[in-house]
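The block underneath contains the structure these notes are about, expressed in structure tokens.
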Amino acid sequence: MKFLTQEDTKRICDKVMSMTKADECIVTINGGRTGNIRYARNAVSTAGLVENATMGVAVAYGKKQGIATINEFDDKSLEKALRIAEDLAKLAPENPEFMPAVSKQQFRATDTFSAKTAAIDPEFRAQTAAYSIEASRKNKLVSAGFFTDNTSFNTIANSNGVFGHQEATGVDFTCTVRTEDGRGSGWVKRSATDVSRFDAREASDVAIEKALRSVEAKALEPGRYTVILKPAATSELIGFMLGGFDARQADEGRSFLSKKGGGNRMGEKLFDQQVNIWSDPWDKDVGVLPWDGNTMLARERMDMIKDGRVSALDYSLFWAKKQGVRAIGSPGNMIMGGTSKSTQELIANTKKGVLVTRTWYIRLVDPQSVLLTGLTRDGTFYIENGKIKHPIKNFRFNESPVTMLNNIEEIGKPEIIAGDEVQYSMMIPAMKVRDFNFTSLSDAV
Amino acid sequence: MERRAFLNISGIALGSMLVPVFGNAIAAEELLNPLAAKFKKTLADVALNAATEAGASYCDVRIGRYLNQFITTRDLNVENVVNTESAGVGVRVICNGAYGFAATSDMSPDSVANAARQAVAIAKANSKLQTEAVRLAPVKGVGEVSWATPIKKDWRAVPIKEKAELLIAANKAGLDAGASFMQSLMFQVNQQKYFASTDGSYIDQDVHRMWMPVFATAVDKATNKFRSRQGLSTPVGMGYEYLDGLAKDKVKAAGGVTTLYKNSYDLIEDARACGKQAKEKLTAKSVAPGKYDLVLSPEHMYLTIHESVGHPTELDRVLGYEANYAGTSFATLDKWETKKFKYGAERVNIFADKTNPGSLGAVGYDDEGVKCKKWDIIKDGILVNYQATRDQAHIINEKESHGCSYADSWSSVQFQRMPNISLAAGKKKLSPDQMVADVKKGIYIVGAGSFSIDQQRYNFQFGGQLFYEINNGKIGAQLEDVAYQSNTQEFWNACSAICDESDWRLGGSFFDGKGQPSQVSTVSHGSSTTRFNGINVINTARKIG
């Protein structure tokens, strides 16, 4: 599959839109290459490269819409996809909440592409795995990991004159290193747009060190503890909560942001004064496309939480119109403000506490309070008098991120962290939180 | 950064439900024309010959055509009708003792031969890093055979209008019964899979699956409280006849608290119950934490079995191949080797079965051409076996594969996936009402809710859809804020009764994720209503802001 340029995709979009007599037409083209290497038990298990591109076309007759996608780009295939979308639109019932395509938008380019990432080859991937495997073998440890890189192009267009095209790159690396007897386990995750900010050796060493330090874990009674949460311990919790900043859900009374008696809690101080979370597509570390692919609206810098207050909610086109609010492109990244303090400094200021490297298998228990449950994993340590004392057994927690962000004592330096199950690119600082609720012990290592 | 294509279905509880979407949209009428078997055999032979000529000692080729239709509705509106198709060829080889895989969407002989040669080249490159050669358990070629899900009504032949009207009628029933908001969806799947290998097999399969989840939310703005209830259907390996909702397939829950469904489903009746019970939850009593005897319906049990027995007995997890993603397992080989590891109480018999009619995992042959079968995992409470593929069978001294290989697309490489894993019914006659009669202080849980378990499958916490207190042998008031926490081995050893065969039915998971890059699988789990004594229940109610 050819890597399509702006000129290529513009020509395709114009051609498709010119072929239909529907009331409106929307076209998206996304594609590129994704390479990966997976290893386990200190040996490579799979490696691959996938090249693909997809065009999606949506047409509408009045309030009836049909959608089709295709991954072939000859004229016949383009027309086939368009005609299918037209057929589906004619078959579909009228949707009273249908919203017409947005008017022409201005998109200011964001920082999403790195030529170095785009040039990654199989040798680089193999070398990444080799660092981890060789260093683990030397330490009599067992390594399992996954490295993936992608280079993509993204195009949007509609019959009202919207057009956007931008290229993007990214790498993700995760590695789990375990002791041969299974009593110790360490983990690391690194994500970046520009691969020159990724150091496979440094990353693997972090996992190796945590594996070696986590053996001989002692059991601590479950209960409420002061915790130092590394970014990978909070990114899923915070991401989950921010995914619930939907205005319609709040206004309809089915969200933690619903107000007693009706309406939403916009402007209310729900979090500690130190909490500031915003979205910024132009961020230098976690830049995202300058548009929201669903609505085709331009993204803007948005304060989601400002000095602990709810500062923005996410509106669909339909709900924005109904409530008389200006619609903005939905955010693609989330950045939490922090300080210049290292995790080591947070530990040094802690009399008694628990250091959590990562949380896992997080599920919503009660949407009313955003109560989430999950477990600590791959590096949980007891802190006493400013020092890491010894590894401890993993805990299950039942905690709401709203409560967690109310109980902040100290915040560290933000780091890039991509979520496993959340939809945002994120920058999250390590943070010290009091009264974090661990409800039971887990024997898992 | 790692992202897949998702169909974003918003409005379910907090945030949204993300459903993976594979393939390209197509018109409904095109779905009914399968590729000719002769065409597929010719194409398969091209791949097998090209791989062999390039030096492969083994080759299998999978020609897939995956057809899906999703309909999503919200209250009285149809939000989306999406048809998707994905077709292509995946070639897996062994060369110099290592695997290689390549796939192409271009179904021309040249392109398929090229993919086969690419797979051999990748295998040769991988063999340099290989420490142990791949060993495949033998499979005898079966020649040209076919298998199809035994459906009575093909979803592809049912008009979109009829399906959309059914979902809207269900939403209306829920709204009329007390819900503030309703959402219902219909997932319809057809996988046309052709498998051929150098062992001499040419297997043509036509697999059908369906699921129609429904969600009701009740809101009380005066108290700022909201509660949800999800439908009690199960995803099935059946045709549209699952929606017949026959009277003979309706089951009265213990104490008559609600209606449950066995081999067909009454969507409108259950949607009505969803609306009514979501509203009742707003004023239900909050549970007092403590130890309870839990009576768990099959609609709840499937997820507990899935998480606490299904995943820990996957052999690839046990060996460490999933250590960086899904995790490893407490059910290690040394425990199994003792032949004494007491996974559960003596009455606990858990079996794997890829032949159960109507189940999500039922196929004639797996994605390595192995004929599907049934085998024991836990026998009289003892761990006796795992779930294995051809390359794993020798590790657990098996002479043949269990037939657990699956790939979610022609473009994904096949690997070990969970077969249907089920709890055998109790041998003595026992109904759910009789089971409840024996309980002094307990909770009856119907339907699956929140679920979380650690990476080695020791510590878990599960919720549910409906909770009823049991006092001195009688079902009492509806409860809320219930979740139970336990340890897998302790929990299964606390199993104190299992209802008989007449209460046995399937539940299942439509989106079970595993692997890197992640692949999605579907799997069923059967059980009768089952009791566990003295389990720790927590209260999940919290106040914020």
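Each protein sequence line maps, in turn, to chains A and B.
Residues 12 to 456, numbered by the numbering used here, are exactly what the first sequence covers, in order.
Residues 9 to 553, numbered by the numbering used here, are exactly what the second sequence covers, in order.
We put the beta carbon where it would ideally sit given N, CA and C, even for glycine.
Length of the line joining the Cα atoms of residue i and residue j
i	j	result
V444 (chain B)	A177 (chain B)	35 Å
L75 (chain B)	D314 (chain A)	42 Å
A127 (chain B)	L60 (chain A)	12 Å
T336 (chain B)	I543 (chain B)	25 Å
E37 (chain B)	Q196 (chain B)	Here the model assigns E37 (chain B) a pLDDT of 48, short of 50, so the residue's position is not dependable, and the following value carries that caveat. E37 (chain B) and Q196 (chain B): Cα-Cα distance of roughly 15 Å.
G377 (chain B)	D399 (chain B)	13 Å
N541 (chain B)	L386 (chain A)	25 Å
V206 (chain A)	G46 (chain A)	13 Å
H176 (chain A)	Q434 (chain A)	21 Å
F30 (chain B)	K352 (chain A)	Because the pLDDT of F30 (chain B) is 39, which lies under 50, any placement of that residue in the model is unreliable, and the number read from its coordinates should be weighed accordingly. So the alpha carbons of these two residues sit roughly 44 Å apart.
A140 (chain A)	R148 (chain A)	12 Å
Y107 (chain B)	D210 (chain A)	29 Å
K449 (chain B)	V295 (chain B)	12 Å
M30 (chain A)	T245 (chain A)	49 Å
G364 (chain A)	Q334 (chain A)	46 Å
G455 (chain B)	Y310 (chain B)	9 Å
L302 (chain B)	L175 (chain B)	34 Å
D25 (chain A)	S125 (chain A)	28 Å
T242 (chain B)	R119 (chain A)	47 Å
D212 (chain B)	S154 (chain B)	5 Å
G563 (chain B)	R280 (chain B)	No answer is possible for residue 563 (chain B): the residues shown for chain B start at 9 and end at 553.
A228 (chain A)	R407 (chain A)	16 Å
R374 (chain A)	S460 (chain B)	6 Å
Where the beta strand (DSSP E) through residue i begins and ends
i	result
L323 (chain B)	Segment 323-327 is the alpha helix (DSSP H) holding L323 (chain B); no beta strand (DSSP E) there.
D262 (chain A)	Element bounds for D262 (chain A): not the beta strand (DSSP E) but the alpha helix (DSSP H), 258-262.
T31 (chain A)	Run containing T31 (chain A): none; DSSP gives neither H nor E here.
H314 (chain B)	First-last for H314 (chain B): undefined, no H or E at that position.
Nearest candidate by alpha-carbon position, reference residue i, set the options
i	options	result
A168 (chain A)	A:G272, A:N305, A:N275	A:N305
L474 (chain B)	B:I552, B:L240, B:P440	B:L240
K522 (chain B)	B:K160, B:Q422, B:I390	B:Q422
N364 (chain B)	B:P320, B:N271, B:S460, B:K437	B:N271
N344 (chain A)	A:L102, A:G278, A:T350, A:G430	A:G430
L468 (chain A)	A:A323, A:R445, A:G340	Limits of chain A in this structure are 12 at one end and 456 at the other, which puts residue 468 (chain A) out of reach.
S316 (chain B)	B:I276, B:Q138, B:H216, B:I386	B:I386
S215 (chain A)	A:W198, A:L231, A:K229, A:A228	A:W198
E354 (chain B)	B:Y210, B:A505, B:T496, B:Y250	B:A505
R276 (chain A)	A:V286, A:Q284, A:G195, A:R265	A:R265
W418 (chain B)	B:R73, B:I159, B:F338	B:R73
H314 (chain B)	B:D520, B:A262, B:N104	B:D520
D274 (chain B)	B:V356, B:R237, B:A181	B:A181
D446 (chain B)	B:L431, B:N428, B:F459, B:I483	B:I483
E330 (chain B)	A:T20, A:Y50, A:Q17	A:Y50
K424 (chain A)	A:N41, A:L99, A:E356, A:G255	A:E356
E288 (chain B)	B:H216, B:T312, B:Q442, B:K233	B:K233
P457 (chain A)	A:V336, A:L416, A:S196, A:N63	This structure gives no information on residue 457 (chain A), because the portion of chain A shown stretches from 12 to 456.
A255 (chain B)	B:I130, B:E277, B:A262, B:T157	B:E277
Chain-order list of residues whose beta-carbon lies under 8 Å from that of residue i (same chain, five-residue window excluded)
i	result
M115 (chain B)	L51, I71, A95, G96, V97
N134 (chain B)	A106, Y107, G108
N409 (chain A)	V376, L382, L383, T384, N448, T450
Cβ-based neighbour list, residue i, same chain, cut-off 6 Å, excluding 5 preceding and 5 following
i	result
A187 (chain B)	A224, A226, G283, A286
V120 (chain B)	L51, V54, A55, V97
Y248 (chain B)	K161, W163, V166
I34 (chain B)	Residue confidence is low: I34 (chain B) scores 49 on pLDDT, short of 50, so the model does not pin down where it sits. Its coordinate-derived value is still stated next. For I34 (chain B), where only same-chain residues beyond five positions count, the Cβ hits under 6 Å are N91, E93.
Span of the alpha helix (DSSP H) around residue i
i	result
K48 (chain B)	45-61
Q497 (chain B)	496-501
Just by C-beta distance, which residues in the region 218-229 of chain B are closer than 7 Å to chain A? T225, V227, K229
Contacting positions in the region 456-477 of chain B - beta carbon closer than 7 Å to chain A: Correct list: S458, F459, S460, I461, D462, Q463, Q464, Y466, N467, Q469, G471.
Would you list, in chain order, the members of the region 80-92 of chain B that have their beta-carbon closer than 9 Å to a beta-carbon of chain A? Against chain A - using a Cβ distance shorter than 9 Å - the residues of the region 80-92 of chain B are R82, L84, N85, V86, E87, N88, V89, V90, N91, T92.
Under 7 Å, CB to CB, which of the residues in the region 151-184 of chain B have a partner in chain A? I168, A172
Compile a chain-ordered list of the residues in the region 358-389 of chain A whose CB is closer than 8 Å to at least one CB of chain B. W371, Y372, I373, R374, L375, V376, D377, P378, Q379, S380, V381, L382, T384, G385, L386, R388
Just by C-beta distance, which residues in the region 177-194 of chain A are closer than 7 Å to chain B? So the list reads G181, D183, T185, C186, T187, R189, given in the order they occur along the chain.
Members of the region 143-171 of chain A near chain B, C-beta cut-off 7 Å: V153, A155, G156, F157, T159
Relative to chain B, which residues along the region 300-322 of chain A have a C-beta separation below 8 Å, given in chain order? Those residues of the region 300-322 of chain A that come within reach of chain B (Cβ to Cβ, closer than 8 Å) are N305.
For the region 225-256 of chain A, enumerate the residues whose C-beta is nearer than 8 Å to any C-beta of chain B, in chain order. Those would be F251, G254, G255, in chain order.
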